[in-house]
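Chains as they are written, first to last, in UniProt numbering: chain W, 1 to 333; chain B, 1 to 302.
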């Protein structure tokens, strides 16, 4: 038997007195076996592919595993794992060991700056373009199709396009030179690497924001604008008091998604710089570099970075949700 | 949601200035100057969006590997040689096959699993429901780095490194939670009464799901499938680490190999990039309207 729920209240229909534990378990099984059967595949998938690796990863962070002491097979010889348990030393070393600033905190600050700047740019540019596209305008469909092009072409393709353009004597520097402007070394100089990374990621991420916000704009009731206009609201006031509140649900969702995605953005920085730019690596790519980009591969530290990253995101998300709840907003996802 | 009902709603925007005295403008009409500004900004933005891709196409026509430094010379010697070379003398088709196997495998497995889950969480409240939804949400936040190392170890133990199945399973772990959320949003829009009618007419719970709900949810399933496909197709980190044999590279990995192996044959790389981009973008444009509707429906109704 399935449990039908009342959509309006989310509560089960009908009320029965609370029976004893054994009866309840049996009853619950009889009522819910079907739900559990439907969920079983995803529980298996998540359990095997997410929970188990996560637990295993947590364990690895408490060891000194690297590619020289883990179990491996060379030819026909099997070598057993020799790494040992070292407790929380990895975390201590990452957070306040010697040169911790260069290894963790500088990347951390850059990651925060990267996320904040990218999401702010995505959101403002996306909102601006969505507002422009939401007018009666000739050729609007054409603009829309052109503007989502960066989203349509896979990132790993477009990033290489940008690499050609940003190369030392590529088109961008040629153009800057023709205008007698300074020609920065986009792919070598740390500041300009960061600048270039933000620029490319902004270019890649705006279409998603634009399209989502455009959907939000179109679901705002047109009569609200009429009413505001009747009351003599200026264009800015209509934007501030009708458009922005109307977009609130969509905005809070896409901003959260944007933050998570940008924080975890691997492809842009990895493909733009490879292993050549240690200072422009955000935490995700830096963790990848530790685990797979160097010899010997430092599995334990890389996994520890991963766990720290996850912790940062979870703390941030719960604060974000609490902040939204305080403002009586619903997160849409 | 309503991406198709553009013309009717909300035509007044912030940049239509107050009407000039003496001339009455109707609602939704903006002054010529404002319209001109809008067009100007949109044209610039479109050019910015278009240029890197167009530049890639242009460079792919130049025959020498250093032509990207002297784009002016390409005009005089434009050729399709790069494309011919890529198609005939590289592993392009192997990579394409790998990409397709992995992406389609992920799509099939992911959507099947996600659909049953989405239906269960949409229709039933069972003990542990909230925790389960929270787990699905948190899985979205996993950085690549969290699972990469342990997965590599586990896959190595199971001999799944360098196999398609291994990569498919890894991708499912990211695609399934998102698709389950998306499909839950879609199933929520299908009225309860349909389930009840099916049950009254004597269908088993699974029968209701397969015979009534799945056919009704086709648009939602299409969006989920498309999302899984695109995610799997464009993924870089796992594919780079887990695929070792250059015949089994996916396109995302294969494209990188032009720079390292063949000492930066950028012309070939550009041609390959264009060859990849054309079918994928065409596909994207075909389904983009559904994608956007599905994303916002899944997003706003969850």
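Beta carbons are placed, not taken as given, at the ideal position from N, Cα and C, and that holds for glycine.
Exposed unless 16 or more other CB atoms sit within 10 angstroms - verdict on residue 92 of chain W | exposed
Does DSSP put residue 327 of chain W in a helix, a strand or coil?
-> In the three-state reduction of the DSSP assignment, residue 327 of chain W falls in the coil class.
Residue of W:285, W:287, W:324 and W:164 minimising C-alpha distance to residue 66 of chain B = W:164
Assign residue 263 of chain W to buried or exposed, taking buried as 16 or more other Cβ atoms, counted over all protein chains shown, within 10 Å of its Cβ.
-> buried
Does the stretch 125-137 of chain B touch the stretch 188-204 of chain B, meaning 3 or more C-beta pairs lie closer than 8 Å?
-> Not touching, per the Cβ criterion.
By Cβ distance, which residues of its chain are closer than 6 Å to residue 236 of chain B, with the 5 residues on each side in sequence left out?
-> 252
Which class does residue 79 of chain W belong to by DSSP, given the choice of helix, strand or coil?
-> strand
Cα separation between residue 160 of chain W and residue 45 of chain B?
-> 20 Å
Going along the chain, which residues of its own chain have a beta-carbon closer than 7 Å to the beta-carbon of residue 297 of chain W, five neighbours each way excluded?
-> Excluding sequence neighbours, residue 297 of chain W sits near 66, 67 and 291.
Quick one: what's residue 85 of chain W bridged to in DSSP?
-> W:63
Using the beta-carbon count (16 or more within 10 Å), is residue 78 of chain B buried or exposed?
-> Taking all protein chains shown into account, residue 78 of chain B has fewer than 16 neighbouring C-beta atoms within 10 Å of its C-beta and is therefore exposed.
Taking 8 Å as the CB-CB limit, is residue 264 of chain W close to chain B?
-> yes
Amino acids of chain W, ordered along the chain, whose beta-carbon sits closer than 9 Å to that of residue 276 of chain B = 153, 154, 156 and 157
Could you check if residue 105 of chain W is buried or exposed, using at least 16 other CB atoms within 10 Å of its CB as the buried criterion?
-> The residue is exposed, with fewer than 16 neighbouring Cβ atoms inside 10 Å.
For a contact meaning CB atoms closer than 8 Å, what does residue 119 of chain B contact in chain W?
-> 38
Using a C-beta cutoff of 8 Å, does residue 245 of chain W count as contacting chain B?
-> no
Say whether chain W places a C-beta atom closer than 8 Å to the C-beta of residue 95 of chain B.
-> no
Kindly indicate if chain B contains any beta-carbon less than 8 Å away from that of residue 145 of chain W.
-> yes
In three-state terms, what does DSSP make of residue 186 of chain W?
-> coil
Local Cβ density within 10 Å of residue 284 of chain B, reported as buried at 16 or more and exposed below that | buried
Please state whether DSSP places residue 128 of chain B in a helix, a strand or coil.
-> Residue 128 of chain B: coil per DSSP, three-state reduction.
Can you give me, in chain order, the residues of the stretch 227-246 of chain W that have a beta carbon less than 8 Å from any beta carbon in chain B?
-> 229, 234, 235, 236, 238, 239 and 243
Go ahead and label residue 204 of chain B buried or exposed: buried means 16 or more other beta carbons lie within 10 angstroms of its beta carbon, across all protein chains shown.
-> exposed
Establish whether the CB of residue 285 of chain B and some CB of chain W are separated by less than 8 Å.
-> yes
Can you check whether the CB of residue 205 of chain W is closer than 8 Å to the CB of residue 78 of chain W?
-> Going by beta carbons, residue 78 of chain W and residue 205 of chain W fall outside the 8 Å limit.
Cβ pair count under 8 Å reaching 3, the stretch 275-294 of chain W against the stretch 116-131 of chain B | no
Beta carbon proximity, residue 165 of chain W to chain B, threshold 8 Å = Interface annotation, residue 165 of chain W: in contact with chain B, CB-CB separation under 8 Å.
Residue 173 of chain W lies in the alpha helix (DSSP H); which residues open and close that run?
-> 171-178
Three or more C-beta pairs closer than 8 Å, one from the stretch 207-218 of chain B and one from the stretch 90-99 of chain B: is that the case here?
-> no
Which residues, taken in chain order from the stretch 138-162 of chain B, show a beta carbon closer than 9 Å to some beta carbon of chain W?
-> Taking 9 Å as the Cβ-Cβ cut-off against chain W, the residues of the stretch 138-162 of chain B that qualify are 138, 139, 140, 141, 142, 143, 144, 145, 146, 147, 148, 149, 150, 151, 152, 153, 154, 156 and 157.
Do residue 258 of chain B and residue 268 of chain B have their C-beta atoms within less than 8 Å of each other?
-> yes
With 7 Å as the limit, tell me which residues of the stretch 292-318 of chain W have their beta carbon closer than that to any beta carbon of chain B; keep them in chain order.
-> 292, 299, 302, 303, 305, 306, 307, 309, 310, 313, 314 and 317
Start-to-end residues for the alpha helix (DSSP H) that takes in residue 188 of chain B | 164-188
Are the C-beta atoms of residue 243 of chain B and some chain W residue less than 8 Å apart?
-> no
Taking the Cβ atom as the reference point for each residue, do residue 109 of chain B and residue 168 of chain B lie within a distance shorter than 8 Å?
-> yes
Beta-carbon of residue 224 of chain B versus every beta-carbon of chain W: anything under 8 Å?
-> Not one chain W Cβ lies under 8 Å of residue 224 of chain B.
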